[in-house]
Every structure is written in structure tokens, then in C-alpha cells.
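Residue numbers (my numbering): 183 to 544.
First the structure, in the form of C-alpha cells, and then the observations on it.
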Amino acid sequence: MEMEDARIAVPSCLEGTQLKSSDFIWPESDRPYTSFFPSQDPAMAVGFSNEIQQRKDLEFPEVDLSLPDEEILSILRCAASSWGFFRVRNHGIPQDLFESIARHASDFFGLQLSEKRAISRVPPLPLGYTSIERSSDIKSWSEALHLMPGRDKICSLLHQVPSFREPHSFSSDVDKYFSLVGALANRIIRLLFQGLQVDAEQVDAVFNSIESSTLRINYYPACPVADFTYGSPPHKDYGGLAILHQDDVGGLEVLKDGCWVPVLPVKGCLIVNVGELIQIVSNGRFPSVLHRSLVKCSQSRLSFVFFYFPSDDTWIGPIPKLITEDCPAKYKSFYMRDYKSVFGKAQKAHQSPSLFFQELTN
Ligand SMILES: O=C(O)CCC(=O)C(=O)O
Ligand SMILES: [Fe+2]
Numbered sequence: 183m184e185m186e187d188a189r190i191a192v193p194s195c196l197e198g199t200q201l202k203s204s205d206f207i208w209p210e211s212d213r214p215y216t217s218f219f220p221s222q223d224p225a226m227a228v229g230f231s232n233e234i235q236q237r238k239d240l241e242f243p244e245v246d247l248s249l250p251d252e253e254i255l256s257i258l259r260c261a262a263s264s265w266g267f268f269r270v271r272n273h274g275i276p277q278d279l280f281e282s283i284a285r286h287a288s289d290f291f292g293l294q295l296s297e298k299r300a301i302s303r304v305p306p307l308p309l310g311y312t313s314i315e316r317s318s319d320i321k322s323w324s325e326a327l328h329l330m331p332g333r334d335k336i337c338s339l340l341h342q343v344p345s346f347r348e349p350h351s352f353s354s355d356v357d358k359y360f361s362l363v364g365a366l367a368n369r370i371i372r373l374l375f376q377g378l379q380v381d382a383e384q385v386d387a388v389f390n391s392i393e394s395s396t397l398r399i400n401y402y403p404a405c406p407v408a409d410f411t412y413g414s415p416p417h418k419d420y421g422g423l424a425i426l427h428q429d430d431v432g433g434l435e436v437l438k439d440g441c442w443v444p445v446l447p448v449k450g451c452l453i454v455n456v457g458e459l460i461q462i463v464s465n466g467r468f469p470s471v472l473h474r475s476l477v478k479c480s481q482s483r484l485s486f487v488f489f490y491f492p493s494d495d496t497w498i499g500p501i502p503k504l505i506t507e508d509c510p511a512k513y514k515s516f517y518m519r520d521y522k523s524v525f526g527k528a529q530k531a532h533q534s535p536s537l538f539f540q541e542l543t544n
């Protein structure tokens, strides 16, 4: 009886929308436990079987950032080239800052839908709220709050939500977080390229400011159809580097050698993920890798992701030193603003944006 009630009840996150839980059910062939990848994009699945496999025995790479740089370089290079994902420990960002951001974010997502809608995101600006209704064709069981650097900008956004309690404190936390996580991202990107013997100036020419970067706070409510849907379906991140903080619930998985490997939460650690731009700048040496997040039927989950984006007028392409006879240029060069316009198209076609910039050599 209890079970039936749970199925019939409308989850509170859908109240005020036209949606029912069953709207989130993916076709059988594309569900988390029956598919390799939603079928729209065979190009992304090249080289992998269509059979779902999950392995928990592969050891997810970890980098201790308190080690001397010379030791970090080879661990980082190996993790980024073979996994595209790694965990970092001793990154220097205080635990109470994560906790405070998570507490404010939970307060925000706990508000009525009508209140959160007061700050609905209007693309392309990465600022504001996207509700669980956002995706028209493919449904993801998630809500998000998108934020940009700048305390005042964040604070005036949050002020438009009348019952949100602490806009000032939340915006100063987020502002502080942007500067700490931005400095961390810069350090990791420099180390990654130092491991390929590339000078810092060449890296800084591309990744020199976090002003265009974003923070996306993802909230995944408990889901009555958890095995049939995604919090975030398989995708690659299109920025430079993504740095993710997750709570202790778990759900993130990364594709490694044709297997979905759970990225288990480890308190105090952050997860770093190579985005498509680093794949291009490194001329393919550091690949951007498919990942997805699953949801749970009895627990909600919160994660926040910093996405490093260069400014629109940044010229991007493979670093000349990484173009060799053995490894000719794999991508064309472009301005960041052109990349952004391509990304929208790529996303619609469920393709990898780097595909659009592939060098056609013959
Ligand atoms: O929340 C997660 O586990 C992953 C989120 C993610 O991949 C993204 O926001 O791009
Ligand atoms: Fe992602």
C-alpha cells in the first residue's frame, strides 16, 4: 500500500508544473542500466560496445596537491590522459566554505517553485534558476542555479527571491569560492601543461581570467523513477576545466574503457574534469570524457560545478609546441565566441563540440 502511494503521489519538485514522474522515463534502450549511451549520437560511442557494464574495481585517480610539483606533474599527466577525471586532495579550499554554500543552496532549492521562478535563467546569460521542466525533449531530474563571478551581481539576483533568507551571506560565499576555485583551476591547468613541457605564458594566453567562468549548483530531488532516468544524461563538459564538489550521496559516473565507473564522494576532496577546450588546446593529449549522474529514489543530492570559460575574444587552438610530425593539428583554431555558438548546435545534436573544429586533413 505504501509503495503504491509513493508511486501515485506527485513528488513535491513537480508541483506547480504540468509534469508527472512518468514524463521522465527514458526509452528502454537508453536507460542508465540498459544502454551505453542514449542512441542519438553514435559518433560519441565509437569504439565501445553497446552493452552496459559497470565496474567498481578500477581505481579512480587521486592527486595530492600538497606534494612537490615535480611529483604532481606525472600523476596529473597520467590521470588526465587516461581518465580525463581525477580527485584532488589538499586543494586549500576550506571545508566550511563548501558547507556554507551547500546550506544556502539547500535553502534556495527548498523554496516554492513560484519563488524560484522569479529568477528564471534567460539564456545565453549564465545567471539564474532552471527548473526541472527546462528540457523539452530529454528530461533530466534536476534543478540548477547558475551563477557568475561578482558579488553584487549575485546579490541583486538573489534579492529578487523574497523569502530567500541570506542573499548577502550566500553571495559573499560564492564570490569567495569563485576566487579560490579559479586560482585552483589556474594552478591545475598550468601543471597539466607543464607536464607536456609547455611554458606557462602559452597556457596563460588562453586561460588567463575567470571572469567568464560560471558556477552551476545542481540539485537532484529524490526520484520515484530513479532507475529509468538521469540527473544528468551522458555528456562532456565544454569549458576548459570543470571542478566539482559533491555531497556524500553519490551518483556521478565516468566512462572508462567502456565501463561506467562510480566517482565516489570523498569528504574534503574535489573532482576535476577535463573539458573539451583542454582537449583542443592539448591537441588531443588530454581527452574530455563522457560522464553522467544518476539519481536516487530515497535521497536528494547537491553538487556544484565551476566551469572555466575563457573570455569571448580569446583565440583558442592546439598549442604550437603540441603540433608535431607524429601528432599533426587535430583541431582548427577559433575565437571563444564562435565556439559558444557552435556549442548550442552541438548540444542539440548530442555531439561533442570539438567535432565541429576537427581539422580535415584529407
Ligand atoms: O552533479 C554531478 O554529479 C555532475 C554534474 C555535471 O556533470 C555537470 O553539471 O556538468
Ligand atoms: Fe558535466
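From the three backbone atoms N, C-alpha and C, an ideal C-beta is built for every residue, glycine too.
Whether residue i touches residue j by CB criterion (7 Å)
| i | j | result |
| --- | --- | --- |
| SER374 | ILE275 | Per the sequence shown, residue 374 should be read as Leu rather than Ser. Not closer than 7 Å, so no. |
| PRO305 | HIS328 | no |
| LYS418 | LEU472 | yes |
| LEU423 | ILE453 | no |
| SER203 | ARG467 | no |
| VAL477 | PHE267 | no |
| ASN400 | SER324 | yes |
| PHE525 | TYR420 | yes |
| TYR148 | ARG474 | Residue 148 falls outside the range modelled here, since the chain spans only 183 to 544, and no answer is possible. |
| HIS273 | LEU340 | no |
| SER288 | ASP355 | no |
| SER470 | GLN461 | yes |
| ARG372 | ASP357 | no |
Boundaries (first-last residue) of the beta strand (DSSP E) holding residue i
| i | result |
| --- | --- |
| ALA300 | Careful: ALA300 lies outside any beta strand (DSSP E) and carries neither H nor E. |
| ARG398 | 396-402 |
| VAL436 | 434-438 |
| ASP246 | 244-246 |
| HIS473 | 473-475 |
| GLN428 | 423-428 |
| HIS417 | 414-417 |
| ALA326 | 325-329 |
Distance cut-off 6 Å: residue i Cβ against heavy atoms of ligand 1
| i | result |
| --- | --- |
| ASP495 | no |
| LEU434 | yes |
| SER485 | yes |
| ASN368 | no |
| ASN465 | no |
| SER391 | no |
| SER203 | no |
| SER211 | no |
| SER475 | yes |
Extent of the continuous alpha helix (DSSP H) run through residue i
| i | result |
| --- | --- |
| ARG369 | 349-376 |
| GLN200 | Element bounds for GLN200: n/a, residue is neither H nor E. |
| ILE462 | 458-463 |
| GLN384 | 382-386 |
| GLY511 | According to the sequence displayed, residue 511 carries Ala and not Gly. That residue, ALA511, is in no alpha helix (DSSP H); it is neither H nor E in DSSP. |
| SER264 | 251-264 |
Distance cut-off 6 Å: residue i Cβ against heavy atoms of ligand 4
| i | result |
| --- | --- |
| ASN272 | Because ligand 4 does not appear in the structure shown, any question about it cannot be addressed here, the ligands present being ligand 1 and ligand 2. |
Chain-ordered list of residues that sit, by beta carbon, closer than 7 Å to a heavy atom of ligand 2: SER414, HIS417, ASP419, ALA424, ASN455, HIS473 and VAL487
With three or more C-beta pairs closer than 8 Å as the rule, is the segment 381-398 touching the segment 491-504? yes
Can you confirm whether the segment 389-409 touches the segment 487-495 when touching is taken to mean that 3 or more C-beta pairs between the two stretches lie within less than 8 Å? yes
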